[in-house]
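Have a look at the structure below, then the notes.
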Amino acid sequence: MDNKIQSMIRKVSLELQDNYNSQGLFDVELGEKLPSRDIIVSLINDLRKLTFPGFFGMENMAYSSKDSFAANNLSILYDKLFRQVKIAIAYGTDLKYRELNNRAEELTTKFVERIPHVQAMLLKDVDAQLAGDPAAKSKEEVIFSYPGLFAIAVYRYAHELYELQIPFIPRIMSEHAHSRTGIDINPGATIGEYFFIDHGTGIVIGETTTIGNHVKLYQGVTLGALSTRKGQALAGVKRHPTIEDNVVIYANTTVLGGETVVGANAVLAGNSFVTSSIPANSKAASTMPELEIRKSK
């Protein structure tokens, strides 16, 4: 490497060092670090293996005891999650070692105790996918291959961690699902039973969205906020819509605003833009552009 290139590298490294120092974002004390994205992604895989035994692991369940399978995998999951929770809650706090250990143990235990509940919810979601999609051939096909179910599964587990106010981990999980499927579900959203996402690409569900039971969303649906210009001043404010039970929202429809309620059994046509409430038992559609067909000369 000649002197000119060495000089350039030295100059750029000093500029980067100045940026590091001015931010303060990268000043992590000895012994501390941020959660590992790779380990959190592996936890998603562990949770899927526990939720749907025989589908995503190497085990042949015909030769495995279900109780020992669950106990062994829960032990591995607990240990990995405990370490990541401990790192996550340590960041930016001054908790002592024993306090930190106890708090991480408490939070991890609460999460693990919720796994059977989440599994039961996800099995209902599988039923919804099968019932709602005439192209689906079996529950097995839905579990193995449907991106909507994958995104919902990651959301449901991330939501439990969000409810426990564990930083970093829920959003890392949801953004992994987002990158895999194109479906963006904030872990803070509240979503009821038998949730069905059809196709799914481009769906966005904001943090304060509330969704009831038996709701069906198609690709490109946005459940968003009217405005985010106030930034952090809006944290904790209900800014995303409420979707009541048995609602169907067709492709590329946008529903905005924390005061917007789509009533039970409503149907929203595709390409609609909604910023005010829709009554229950109604059908809503934006005016469709007129289609003009001319014969070719």
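Under my numbering, the final residue of the sequence shown carries the number 630; numbering is consecutive throughout. Even for Gly, the Cβ is constructed at its ideal location relative to N, Cα and C. Quick caveat: nothing in here was measured; it's all calculated off a predicted structure.
Candidates the options: closest to residue i by CA position
i	options	result
Ile530	Ala423, Gln339, Tyr424 and Asn585	Asn585
Ile524	Gly390, Ser369 and Asn579	Asn579
His547	Glu577, Pro520, Asn519 and Ile518	Glu577
Phe385	Ile516, Glu496 and Lys457	Lys457
Val451	Lys419, Arg436 and His492	His492
Lys616	Leu601, Lys549 and Lys628	Leu601
Ile409	Thr620, Ile377 and Asp351	Ile377
Val595	Phe483, Thr575 and Leu347	Thr575
Gly481	Ser507, Glu496, Tyr495 and Ile502	Ser507
Val445	Arg343, Gln356 and Asn406	Asn406
Ile526	Ile485, Lys429, Leu589 and Tyr551	A small correction: the amino acid at residue 526 is Glu; Ile does not occupy that position in the sequence shown. The shortest Cα separation from Glu526 among Ile485, Lys429, Leu589 and Tyr551 belongs to Ile485.
Ile544	Ser560, Leu497 and Arg489	Arg489
Gly425	Pro368, Ser471, Asp460 and Ala464	Pro368
Phe528	Val459, Glu625 and Val345	Val459
Leu497	Lys470, Gly387, Arg436 and Gln350	Arg436
Leu455	Lys443, Lys472 and Ala468	Lys472
Ile582	Ser560, His573 and Lys549	Lys549
Contact set for residue i: own chain, Cβ-Cβ below 7 Å, skip 5 residues either direction
i	result
Arg479	The amino acid occupying residue 479 in the given sequence is Tyr; Arg does not appear at that position. Same-chain partners within the cutoff: Gln462.
Arg447	Glu493
Ile373	Gln417, Ile502, Ile505 and Met506
Asn519	Ser507, Ile538, Gly539 and Glu540
Tyr411	Thr441 and Val445
Asp466	Asp531
Met573	Before going on, a small fix: residue 573 reads as His here, not Met. Cβ within range, chain order: Gly539, Glu540, Thr541, Thr542, Leu556, Gly557, Ala558 and Gly591.
Neighbourhood of residue i by C-beta, 6 Å cutoff - its chain only, sequence neighbours within 5 removed
i	result
Pro500	Ala421
Asp335	none
Thr555	Val537 and Thr587
Arg381	Phe389
His511	Asp517
Gly553	Gly535, Ala584 and Asn585
Asp379	Leu410
Distance between beta carbons of residue j and residue i, contact taken as under 8 Å
i	j	result
Val570	Thr587	Contact flag wrong, Cβ pair sits at about 20 Å.
Ser610	Thr593	6 Å
Gly521	Tyr551	With a Cβ gap of about 23 Å, Gly521 and Tyr551 do not count as contacting.
Leu589	Ala568	Wrong, their Cβ atoms sit about 18 Å apart, outside the cutoff.
Ile509	Val475	The residue asked about is misnamed: residue 509 is His in this sequence, not Ile. With a Cβ gap of about 20 Å, His509 and Val475 do not count as contacting.
Phe483	Arg513	7 Å
Leu383	Ala404	Not really, about 11 Å apart at Cβ, beyond 8 Å.
Glu432	Phe415	Actually they do not touch by this definition, with Cβ atoms about 15 Å apart.
Where the alpha helix (DSSP H) containing residue i begins and where it ends
i	result
Phe477	Lys472 to Ser478
Thr442	Tyr430 to Glu446
Leu349	Asn336 to Gln356
Arg381	Arg370 to Thr384
Cβ of residue i within 9 Å of any chain C Cβ
i	result
Leu463	The structure shown contains no chain C; it holds only a single protein chain.
DSSP beta-bridge partners of residue i
i	result
Tyr551	Asp531
Ile518	Ile538
Lys616	Val600
Leu556	Ile538 and Val588
Thr523	Thr543
Thr575	Thr543 and Val594
Val607	Val588
Ile582	Leu550 and Leu601
Proximal residues to residue i (C-beta, below 8 Å), its chain only, five neighbours per side dropped
i	result
Ser375	Lys413
Met341	none
Ser619	Ala602, Asn604, Ser605 and Phe606
Lys366	Ile420
Ala613	Glu577, Gly596, Ala597, Asn598 and Ala599
Gly515	Pro480, Gly533, Thr534, Gly535 and Ile536
Cβ-heavy atom distance, residue i to the ligand NAP, below 8 Å
i	result
Ala468	By its list of ligands, the structure shown contains no ligand whatsoever, and the ligand NAP lies outside what it can speak to.
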